[in-house]
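Here is the structure we will look at.
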Amino acid sequence: MKHIHFIVNPIAGSGNHPVSEKFLNKFFDKHTYTITIKNSDYKKHAKTLTRASITEGADIIVACGGDGTINEVASCLVNTDIALGIIPLGSGNGLASNLKIPTCIERAIALIKSTSVKKIDVGRINEHYFFSNTGIGIDAQVIMHYENSNERKFTSYIKSSLKALIGLNYKNEMTVEINGQTIRTYPFLVFVSNSNEMGYNISLTPMASLQDGLLDVLIVSKMSRLRSLFFGLLILLKKQHLIKEAQSYQSKAITIRQANQQSYESQIDGEFFNIESEAIAISLLEKSLHVIA
Numbered sequence: 322m323k324h325i326h327f328i329v330n331p332i333a334g335s336g337n338h339p340v341s342e343k344f345l346n347k348f349f350d351k352h353t354y355t356i357t358i359k360n361s362d363y364k365k366h367a368k369t370l371t372r373a374s375i376t377e378g379a380d381i382i383v384a385c386g387g388d389g390t391i392n393e394v395a396s397c398l399v400n401t402d403i404a405l406g407i408i409p410l411g412s413g414n415g416l417a418s419n420l421k422i423p424t425c426i427e428r429a430i431a432l433i434k435s436t437s438v439k440k441i442d443v444g445r446i447n448e449h450y451f452f453s454n455t456g457i458g459i460d461a462q463v464i465m466h467y468e469n470s471n472e473r474k475f476t477s478y479i480k481s482s483l484k485a486l487i488g489l490n491y492k493n494e495m496t497v498e499i500n501g502q503t504i505r506t507y508p509f510l511v512f513v514s515n516s517n518e519m520g521y522n523i524s525l526t527p528m529a530s531l532q533d534g535l536l537d538v539l540i541v542s543k544m545s546r547l548r549s550l551f552f553g554l555l556i557l558l559k560k561q562h563l564i565k566e567a568q569s570y571q572s573k574a575i576t577i578r579q580a581n582q583q584s585y586e587s588q589i590d591g592e593f594f595n596i597e598s599e600a601i602a603i604s605l606l607e608k609s610l611h612v613i614a
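Structural data, given as structure tokens:
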């Protein structure tokens with residue numbers, strides 16, 4: 322008997338999805354599978370539910386939601402033998418897309434039943450894990466505005482991006498230590514990625530891989546608002562490398578410090594985080610998560 326636990330974010334994406342006990346029972350034979358369904362009702366609730374599922378003996382734990390829900394569930398499974406399943410229900414679904422997990426729920430369920438497991442790398446920013454990407458700068462501001470909006474659509478990202486650009490300032494110099502170099506910058510963006518997609522088929526790090534043992538890093542230095550809009554256009558055209566302010570690196574570890582504050586506004590897998598710390602240490606844990614994909 323295989324025990325599969327589903328951690329469901331009921332408001333993921335549009336909130337209009339069929340994932341329920343009645344729905345799942347159509348796909349899982351009761352003589353072969355034991356199904357448990359848990360709804361996540363608030364931020365970080367999925368972590369609590371996942372920890373409980375681990376103690377309850379789950380063989381597979383399935384995150385049903387967007388990248389934020391996946392992050393909460395997967396964070397509890399790092400360096401365990403329990404496999405992560407994914408039913409992508411979010412608006413962006415960056416990690417699922419990178420793993421080629423279907424957005425069709427029935428096909429995602431078929432993949433879970435196949436139990437085709439691969440090991441992937443996991444990023445860590447201080448005490449937090451990330452599976453797709455993390456960033457400090459304009460992307461964190463975009464996510465902050467997006468979370469404060471009442472919409473979960475691509476147009477909401479566009480509106481949030483414009484708000485972030487209007488409020489953009491360069492008040493803190495940062496130092497980024499990477500591969501023996503110390504880079505001083507007033508950053509538009511410091512973006513660290515484990516995967517090659519952010520969602521909506523948009524990528525800042527198209528060569529990134531979940532299994533290469535490296536993090537892909539993009540540092541974009543201070544630029545004007547007009548130049549920033551041009552950069553945004555280049556991202557949509559997948560030609561962001563053409564702008565001179567953008568420098569790309571690969572590394573296993575990065576340290577970030579800033580001159581005047583001990584608080585970093587960041588995003589981790591598309592969720593806004595305010596990290597209180599003197600410095601940020603970003604590192605990679607190679608092949609430390611089992612994923613059905």
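Here the sequence shown stands for residues 322 to 614, where the numbers follow the working numbering. C-beta atoms are modelled at their ideal positions from N, C-alpha and C, and glycine is treated no differently. Predicted model, so just to flag it, every value in this text is computed and none were measured.
The closest CA to that of residue 566, considering only 510, 593, 592, is found on 510. Classified as exposed, residue 341 has fewer than 16 neighbouring CB atoms from the shown chains inside 10 Å of its CB.
In terms of Cβ geometry, residue 407 and residue 373 do not form a close pair [threshold 9 Å]. Looking only at 579, 609, 590, 592, the smallest Cα-Cα distance to residue 601 is reached by 579. Remark: fewer than three beta-carbon pairs, one from each stretch, lie closer than 8 Å, so the stretch 430-450 and the stretch 487-507 are not flagged as touching. Just so you know, the alpha carbons of residue 573 and residue 605 end up roughly 6 Å apart. For residue 568, no alpha helix (DSSP H) segment is defined; the enclosing uninterrupted segment is the beta strand (DSSP E) at 567-572. For residue 344, the enclosing alpha helix (DSSP H) has its first and last residue at 342-345. Taking one beta carbon from each stretch, the stretch 508-523 and the stretch 412-422 have 3 or more pairs nearer than 8 Å; the two touch.
Bridge partners of residue 542 according to DSSP: 508. In its chain, beyond the 5 residues on either side, 614 have a beta carbon closer than 6 Å to the beta carbon of residue 420. Residue 538 is positioned such that its CB atom lies no closer than 9 Å to that of residue 491. In terms of CA proximity to residue 487, 463 leads the group 494, 474, 463.
Out of 344, 590, 595, the CA that lies nearest to the CA of residue 394 is found in 590.
Residue 405 sits away from residue 426, with the two beta carbons spaced by 9 Å or more.
Separation of residue 381 and residue 475 (C-alpha to C-alpha, rounded to the nearest whole angstrom) is 31 Å. Counting the other CB atoms within 10 Å of its CB gives residue 398 a total of 16 or more, which places it among the buried residues.
Within the same chain, 596, 598, 601, 602 come within 7 Å of residue 447 by CB-CB distance, once the 5 residues on both sides are set aside. A residue is called buried when at least 16 other Cβ atoms come within 10 angstroms of its Cβ; residue 561 meets this threshold and is buried.
In the three-state scheme derived from DSSP, where H, G and I count as helix and E and B as strand, residue 560 is classed as coil.
The C-beta distance from residue 371 to residue 330 rounds to 12 Å, too long to meet the 8 Å contact threshold. Looking only at 575, 467, 551, 471, the smallest Cα-Cα distance to residue 500 is reached by 575. Of the candidates 594, 610, 608, 612, the residue whose Cα lies closest to the Cα of residue 455 is 594. Beta-bridge partners assigned by DSSP to residue 606: 443. Nearest Cα to residue 535 within the set 516, 548, 351, 524: 516. Exclusion of the five residues before and after residue 438 leaves 404, 611, 613 as the residues of its chain whose Cβ lies within less than 6 Å of its Cβ.
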